[in-house]
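Trainee: Respectively, the protein sequence lines represent chains L and C. My numbering puts the first residue of the first sequence at 1, with every later residue one more than the last. My numbering puts the first residue of the second sequence at 1001, with every later residue one more than the last.
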Amino acid sequence: DAGITQSPRHKVTETGTPVTLRCHQTENHRYMYWYRQDPGHGLRLIHYSYGVKDTDKGEVSDGYSVSRSKTEDFLLTLESATSSQTSVYFCAIGPPGLAGGETQYFGPGTRLLVL
Amino acid sequence: AQKITQTQPGMFVQEKEAVTLDCTYDTSDPSYGLFWYKQPSSGEMIFLIYQGSYDQQNATEGRYSLNFQKARKSANLVISASQLGDSAMYFCAMREATEGTGNQFYFGTGTSLTVIP
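1. In terms of residues, what are the limits of the beta strand (DSSP E) holding residue 52 of chain L?
2. Is it right to say residue 1082 of chain C is buried, meaning 16 or more other beta carbons lie within 10 angstroms of its own, or is it exposed?
3. Would the beta-carbon of residue 1077 of chain C fall within 9 Å of that of residue 1020 of chain C?
4. What are the residues in the region 1042-1061 of chain C lying within 7 Å of chain L by C-beta distance?
5. Residue 1007 of chain C: which of C:1112, C:1116, C:1117 sits nearest, CA to CA?
6. Taking 9 Å as the CB-CB limit, is residue 1114 of chain C close to chain L?
7. Output yes if chain L places a C-beta closer than 9 Å to the C-beta of residue 1010 of chain C; else output no.
8. If we count the other Cβ atoms within 10 Å of its Cβ and call it buried at 16 or more, is residue 9 of chain L buried or exposed?
9. Write down the C-beta distance between residue 23 of chain L and residue 46 of chain L rounded to the nearest angstrom, noting that I regard them as a contact closer than 8 Å.
10. What are the residues that DSSP puts in a beta bridge with residue 1114 of chain C?
11. Apart from the five residues on each side of it in sequence, which residues of its chain come closer than 7 Å, Cβ to Cβ, to residue 1107 of chain C?
12. Quick check: is the beta carbon of residue 1067 of chain C nearer than 9 Å to any beta carbon in chain L?
13. So, does the CB of residue 44 of chain L fall closer than 9 Å to a CB anywhere in chain C?
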């Protein structure tokens, strides 16, 4: 199994509070991704990173920010949580390059409930 | 336009029968990869099978095969001899291999498969 951990695994918070989710990898992959998964929508990309301090927006980036100060850590911050951000958040890493059939590897997910 | 379309929200199959899960994709990139993932009720995402756009043969991995029809832009997953443990959500995904796309994966909305004993 790829070495990806997410913390926390479950979180309940209140509307308006900031929340930070952490993704940690031990694979030294350049690419890291944050997705959210909601019924009827599959996985949607929030932000991704292609190196330390190099990040870009995905399809559903509004209300989220990210930071990557080390290769192994990719943080997702909900600056002021809203109920619409209640979701399951997945971190993924890889693939290492553009060629070939290398897949992404996913973390175990974080269940976030915003009340 | 949706990059990946999965038109079957839910499917049922009898145990030991084969089932096909549909996936169509949209890209103008000549080089791309197609992936299928399984998500059981426990929530983890499990990689199943990969097909490259230049691959001449359909990919196979054990009981999984990918029916790749390039002209139709379809990449259907075929599961043979279904087992109860195959009950899960299945996601089709695509990655375009062009530099500058951020190495992004695009996912479909998923198909929920239920295997009936």
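Cβ coordinates follow ideal geometry from the N, Cα and C atoms, glycine included.
Mentor: So, from the data block:
1. Per DSSP, residue 52 of chain L is not a residue of any beta strand (DSSP E), being assigned neither H nor E.
2. Buried, by the Cβ-count rule.
3. Result yes, Cβ atoms of residue 1077 of chain C and residue 1020 of chain C sit closer than 9 Å.
4. Residues of the region 1042-1061 of chain C whose Cβ lies closer than 7 Å to any Cβ of chain L, in chain order: 1043, 1044, 1045, 1047, 1050, 1052.
5. Of all alpha-carbon atoms in C:1112, C:1116, C:1117, the one lying nearest the alpha-carbon of residue 1007 of chain C is that of C:1112.
6. With its beta carbon at least 9 Å from every one in chain L, residue 1114 of chain C lies outside the interface.
7. No, residue 1010 of chain C does not count as interfacial toward chain L.
8. Exposed, by the Cβ-count rule.
9. The beta-carbon distance between residue 23 of chain L and residue 46 of chain L, rounded to whole angstroms, is 12 Å. This is too long to meet the 8 Å contact definition.
10. Its beta-bridge partners are C:1012.
11. Hits under 7 Å: 1004, 1091, 1093.
12. With 9 Å as the cut-off, residue 1067 of chain C does not count as an interface residue toward chain L.
13. Yes, residue 44 of chain L lies at the interface with chain C (some Cβ there is under 9 Å from its Cβ).
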